[in-house]
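In the working numbering, the protein residues as written are 968 to 1154. A virtual CB, placed ideally from N, CA and C, is assigned to each residue, including glycine. Structure record follows, encoded as structure tokens.
The structure is reproduced here in structure tokens:
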């Protein structure tokens, strides 16, 4: 029988996937941020949601606005990727969110008038930490992450300006846009 790990007192609060992206202009300024959620199970329910920051406006779209509001407040506001962005109280919209994703090809998501495309998977690797700071303290997180070469966001058919920043090494590429799967958050 395997021994329990030292942090076995932590309880799962969410299982699913949370791909994300930041687009940048030529000067290195963030032009858009998106957090796409596919929640298989959580303490607040299951469902899909998109959190989008663009031009100082935060939009949260989901059929389950309570779940989506919790995702934005509990998780997204604490992510390093949004630090320094003017993050105002979001406009929460009840609408269908459709997401298709796989680690071979990328992601396509539609939420209200928002369309997100991500492709050119560069790598797939495991990430885990027992010390991920969120608003209510440190959490454990494990996931499979797949940085991607390209991503686009359009709103109402108009392309949001900006591009993905790719960095790292050939052995461990990084990107400002990434897919995730097998994502488990524990508190």
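| request: Take the Cβ of residue 1008 as the centre, count every other Cβ of all protein chains shown within 10 Å, and call the residue buried at 16 or more, exposed below. | output: A residue is called buried once 16 or more other Cβ atoms fall within 10 Å of its Cβ, and residue 1008, having fewer, is exposed.
| field | Beta carbon of residue 1101 nearer than 8 Å to that of residue 1041 | value | Yes. Within cutoff.
| query | Nearest to residue 1019 by alpha carbon, out of 1012, 992, 1052, 996? | reply | Per the Cα distances, 1052.
| request: Starting from residue 1036, trace the alpha helix (DSSP H) both ways and give me its first and last residue. | output: Counted as a single uninterrupted DSSP element, the alpha helix (DSSP H) harbouring residue 1036 occupies residues 1032-1037.
| field | Nearest-angstrom Cβ-Cβ length linking residue 1030 and residue 1064, presumed shorter than 8 Å | value | 7 Å between Cβ atoms; contact.
| Sorted by chain position, which residues of the same chain lie with C-beta nearer than 6 Å to residue 1132's C-beta, five sequence neighbours on each side aside? | Cβ neighbours of residue 1132 beyond the five flanking positions: 991, 1143.
| field | Exposure of residue 1002, with buried meaning 16 or more beta-carbon neighbours within 10 Å | value | Counting the other Cβ atoms within 10 Å of the Cβ of residue 1002 gives 16 or more, which makes it buried.
| What is the DSSP secondary structure of residue 1043, reduced to helix, strand or coil? | Shown here, residue 1043 sits in a helix according to DSSP, grouped into three states.
| said: Our contact map puts residue 1120 next to residue 1146 with C-beta atoms below 8 Å; I'd like the distance itself, whole angstroms only. | reply: Rounded, the Cβ-Cβ distance is 15 Å, inconsistent with contact.
| Would a C-beta distance cut-off of 8 Å place residue 1058 and residue 1026 closer than the cut-off? | yes
| task | Could you pull the start and end residues of the beta strand (DSSP E) that residue 1029 belongs to? | result | 1024-1029
| message | According to DSSP, simplified to helix, strand and coil, what is residue 1049? | response | The answer is helix: DSSP assigns residue 1049 an H, G or I state.
| query | Roughly how many whole angstroms lie between the Cα atoms of residue 1069 and residue 1017? | reply | 17 Å
| task | Reducing DSSP to helix, strand and coil, say where residue 1061 ends up. | result | strand
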